[in-house]
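Going left to right, the sequence shown walks through residues 16 to 145 as the working numbering numbers them.
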Amino acid sequence: VNTPPASDLFICTDTAGGTLGKDQLEWFTGILETERHKHRYCIIFTHNNLFRIRHTTSTNPFVEELRVLMELSIKYQIDMVIAGHDHARNVVQFGNTTHITLDALTDSYKDPGYLKLTIKDEIEYEFVNL
């Protein structure tokens, strides 16, 4: 996304199956290698959150892939990762990367809400309850 004062990098990945997989991980790494240095901020959107809020046996990230993703976050200075799989509001700071898990956005959820991002000189976020 280009704005008059800066250029920011937004990357969307598909982890609905619980993993990036080999091909998508290669693509993701390639984007970071070739594009990250051109942009002020880097924000990743994905389905599965890397830090689990609740115990589950479905779609837990693979430990090896988690290690690689954490290393990429540090190496390429990823600013924020936004996910929603656990449907429970959570914020984890790992190094310089803020990991945000979103609430469910449905009438049947007890506390539905969404995330509002404001990107100026800094990345600011706000959880908005419905």
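Using N, Cα and C, we set each Cβ at its ideal position, and we do this for glycine too.
Quick caveat: nothing in here was measured; it's all calculated off a predicted structure.
Along the chain, where does the beta strand (DSSP E) that runs through residue i open and close?
i, result
"Gln108", "Asn105 to Phe109"
Would you call residue i buried or exposed, if buried means 16 or more other Cβ atoms sit within 10 Å of its Cβ?
i, result
"Cys27", "exposed"
"His13", "With the chain covering only 16 through 145, there is no way to say anything about residue 13."
"His100", "buried"
"Thr30", "buried"
"Asp126", "exposed"
"Asp136", "exposed"
"Asp118", "buried"
"Leu35", "buried"
For the alpha helix (DSSP H) that residue i lies in, which residues bound it at each end?
i, result
"Glu48", "Gly36 to Glu50"
"Ile89", "Val78 to Lys90"
Hey, residue i and residue j: beta-carbon distance below 9 Å or not?
i, j, result
"Ile93", "Thr112", "yes"
"Met95", "Tyr124", "no"
"Ile58", "Leu120", "no"
"Lys53", "Ser88", "no"
"Leu81", "Arg51", "no"
As a quick exercise: from the options, pick the residue whose alpha carbon is nearest that of residue i.
i, options, result
"Gly32", "Asn64, His114 and Val96", "Asn64"
"Glu86", "Ala103, Thr44 and Lys135", "Thr44"
"Leu145", "Tyr91, Leu130, Lys37 and Gln108", "Leu130"
"Val107", "Phe66, Pro20, Trp42 and Phe25", "Phe66"
Among the residues of its own chain, which have a CB less than 6 Å from the CB of residue i, if the five just before and after it don't count?
i, result
"Phe60", "Cys27 and Ile97"
"His62", "Thr30, Ala31 and His100"
"Asp109", "Here residue 109 turns out to be Phe, not Asp, going by the sequence shown. The answer is none, since no qualifying residue turns up."
Might you give, ordered along the chain, the residues of its own chain that have their beta carbon closer than 7 Å to the beta carbon of residue i, omitting 5 neighbours on each side?
i, result
"Gln39", "Thr28 and Asp29"
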